[in-house]
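These protein sequence lines are chains A and B, in that order. According to this note's numbering, the first sequence is numbered sequentially starting from 1. According to this note's numbering, the second sequence is numbered sequentially starting from 259.
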Amino acid sequence: MPTTRNRRIRPEFVIVSLLLLIPLGAVIYCFQPRYATFSAPGEILSVRELGVNGSVHFCYVREGVVRNLYERWSVRQAFPEAVFAPADASAPDDLKWMEEEGAELRDDTILHALSVAEEMDEETWEEEEKANRLEQLIEKSGEYYGDSLGLMLAIGLFEESGNEDFSDGGFYIISGTGTMEADHTVGSVGAIRDKLLTAERHGVDYFFVPGDRDRFFYEGTGNEEEALHLAEELGLRLEVVPVDTLEEAINFLQRLNE
Amino acid sequence: MLMKKLYSEVLSNVFKFLLAILVSLSTLNLLGTIVYSVSENAYIDYVYDLNAIISLFATILYYIVLVVYLVWIYRVHMDMQSLFPFFSRSPGMALACNMIPFFNIYGIPSVFIRIGRQFDGTPSTSRQGKFIIGMVAPLILLYISTTAVNRFATGLDTEPSTTLLLVSGVLTTALYASYLTLCVQISKALARSARQTASPAPDLADTASPPSTGSPA
Chain A
1 MPTTRNRRIR PEFVIVSLLL LIPLGAVIYC FQPRYATFSA PGEILSVREL
51 GVNGSVHFCY VREGVVRNLY ERWSVRQAFP EAVFAPADAS APDDLKWMEE
101 EGAELRDDTI LHALSVAEEM DEETWEEEEK ANRLEQLIEK SGEYYGDSLG
151 LMLAIGLFEE SGNEDFSDGG FYIISGTGTM EADHTVGSVG AIRDKLLTAE
201 RHGVDYFFVP GDRDRFFYEG TGNEEEALHL AEELGLRLEV VPVDTLEEAI
251 NFLQRLNE
Chain B
259 MLMKKLYSEV LSNVFKFLLA ILVSLSTLNL LGTIVYSVSE NAYIDYVYDL
309 NAIISLFATI LYYIVLVVYL VWIYRVHMDM QSLFPFFSRS PGMALACNMI
359 PFFNIYGIPS VFIRIGRQFD GTPSTSRQGK FIIGMVAPLI LLYISTTAVN
409 RFATGLDTEP STTLLLVSGV LTTALYASYL TLCVQISKAL ARSARQTASP
459 APDLADTASP PSTGSPA
């Protein structure tokens, strides 16, 4: 005997399935791999954070990798001024490598800053004291990578050893970027734009950059040229101070306090 | 058994399904936040990716549920007026009560209190009516506190604290669960009322649905 079976699909199942396709589609679209690197303004921190009795500040920026549109959106929410650049799937590994490399460079620049500050001090430092200080500075700067804090650390150590206060009791906010080399020169660094924006946002009065006009042998513009150009283009209030060596920076600060 | 066809029947089921999914996603998100509060490293290593997917899915689903809710409450009021000729709130007014900012602090409880009282006055739906009225105070408190906590958390310059994230997660899940409970009770009460109002007269039987396609109650 033939039977008729009612196999009607309930309309609510159809509606729910169709509605769920909307978030599902959005998830698939937003989580597709689309790698990009980003950099955004960060913070300025007193060298006191590293245990140095100085008045100057070093500057750090935020850098990282996003893997998809969702992460990109999250970063933009957190740091609206973030600038993104397309990258490939190797970007996370590259960043990891850069962090490891940056940690080694940071340790080198800290060692140079210590040696240079010792050379400029009239008294000789004990080897053990110097080794302990190096260990302490490396430990306290552990969450930062890269060697751009070298110059400001050296200035801070100089203030500490000479019992100086270049900020004139906090009247000036002094910050900067640049590596510290063993021969007292200030080496070139990256992310000048974000560092300048960070400094401007934090009310910095004087911002040191490497005076590398005659010794920038890489592709693109050097730090000095870029910083001066950006300061003018962005109408920054702070004064960009290009310095070739630590001595130049110290001389500038001593003149400032006269 | 004969039953009067309800305007909100299909939409009640749709709303229930979507809300049940939203409650589940919100609970999973809350579990993710608990892992984050216990160990940030474990969260980043094992939970972050899944939690990000759930968050995005739940956020979009929330807006869909919001629209479905408005259509559902409109249709529920169409049913209320059709089942209870003296039910005074119009579907349009019910929508306005839910949608107008600040006024909805009074409007949302008012909508559910009227529905609850109507059901409470009928013996067969009295239990659902009392339950709906009892849910109104927790619902509006959850609504206000969830909105306040979430606005505070998103307005912060810094990362919200773990406690704030946990509080927000618990409140959000509880709010969705409250709406789900209300939807279940209202659709149950509507189905019972529809069965009661339905007439066994042959001329009305043509417009009635068979039990298999009736109320989910």
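Where a beta carbon is used, it is the ideal one built from N, C-alpha and C, also for glycine. Note that the coordinates shown come from a computational prediction; the quantities given were computed from them, not determined experimentally.
Sequence-ordered contacts of the region 264-282 of chain B with chain A read VAL268, ASN271, VAL272, PHE275, LEU276 [C-beta pairs closer than 7 Å]. Between A:ASN223 and A:ASP214, the C-beta gap is not smaller than 7 Å, which leaves the two residues out of contact. Beta-carbon to beta-carbon, B:SER284 and B:THR420 are separated by about 17 Å, too far to satisfy the 8 Å threshold. Taking 7 Å as the upper bound on Cβ-Cβ separation, chain A lies near residues ALA310, ILE311, LEU314, PHE315 of the region 286-315 of chain B. Along the region 176-189 of chain A, none of the residues has a CB nearer than 9 Å to a CB of chain B. In this structure, the straight-line span from the alpha carbon of B:LEU341 to that of B:TYR434 is close to 28 Å. Out of A:VAL65, A:GLU100, A:LEU69, A:HIS184, the CA that lies nearest to the CA of A:PRO92 is found in A:VAL65.
At least one C-beta of chain B is nearer than 7 Å to the C-beta of A:TYR70. Just measuring C-alpha positions, the residue of A:GLN32, A:LEU134, A:GLY42, A:GLU181 sitting nearest A:LEU151 is A:GLU181. By alpha-carbon distance to B:LEU286, the top candidate from B:SER346, B:GLY365, B:PHE345, B:LEU314 is B:LEU314. Nearest CB-CB separation between B:LEU422 and chain A: not below the 7 Å threshold. Sequence-ordered contacts of the region 313-344 of chain B with chain A read LEU314, PHE315, ILE318, LEU319, ILE322 [C-beta pairs closer than 7 Å]. Our two residues, B:GLN443 and B:THR291, have alpha carbons roughly 31 Å apart in a direct line.
When the beta-carbon positions are compared, A:TYR35 and A:ARG67 come within less than 7 Å of each other. Rounded to the nearest angstrom, the Cβ distance from B:ILE398 to B:PRO367 is 5 Å, consistent with a contact under 8 Å. In the displayed model, A:VAL186 falls within a strand according to three-state DSSP. The beta carbons of A:GLU200 and A:LEU230 sit no closer together than 7 Å. Counting along the chain, no alpha helix (DSSP H) covers A:SER46; the unbroken beta strand (DSSP E) around it starts and ends at 36-46. Here DSSP, grouped into helix, strand and coil, assigns A:VAL204 to coil.
Interface residue (Cβ-Cβ distance to chain B less than 7 Å): A:CYS59 is not classified as such. Here A:TYR145 carries a coil assignment [DSSP, helix/strand/coil]. Where A:VAL61 is concerned, the enclosing beta strand (DSSP E) starts and stops at 57-66. Of all alpha-carbon atoms in B:LEU288, B:VAL325, B:PHE389, the one lying nearest the alpha-carbon of B:ALA432 is that of B:LEU288.
Distance from the CA atom of A:GLU258 to the CA atom of A:TYR206, rounded to whole angstroms, is 16 Å.
The Cβ of A:VAL16 sits closer than 7 Å to at least one Cβ of chain B. In the three-state reduction of the DSSP assignment, B:THR430 falls in the helix class. In this chain, the beta strand (DSSP E) harbouring A:GLY176 covers 174-176. Scanning its chain for C-beta atoms nearer than 8 Å, with the 5 sequence neighbours on each side dropped, one finds around B:LEU277 the residues VAL323, TYR434, TYR437, LEU438, CYS441, in chain order.
Separation of A:GLU159 and A:ALA26 (C-alpha to C-alpha, rounded to the nearest whole angstrom) is 56 Å. Bridge pairing for A:THR179: A:GLY187 [DSSP]. For A:GLU160, the uninterrupted alpha helix (DSSP H) segment begins and ends at 150-162.
Ranking A:HIS57, A:ASP194, A:PHE31, A:LEU236 by CA distance to the CA of B:TYR306 puts A:PHE31 first. Spanning the alpha carbons of B:ALA354 and B:ASN271 requires a straight line of approximately 23 Å. For A:PHE84, there is no enclosing alpha helix (DSSP H); the residue is part of the beta strand (DSSP E) that begins and ends at 83-86.
In terms of Cβ geometry, A:VAL243 and A:PHE216 do not form a close pair [threshold 7 Å].
In the DSSP assignment, A:GLU128 falls outside any beta strand (DSSP E) and lies within the alpha helix (DSSP H) extending over 127-140.
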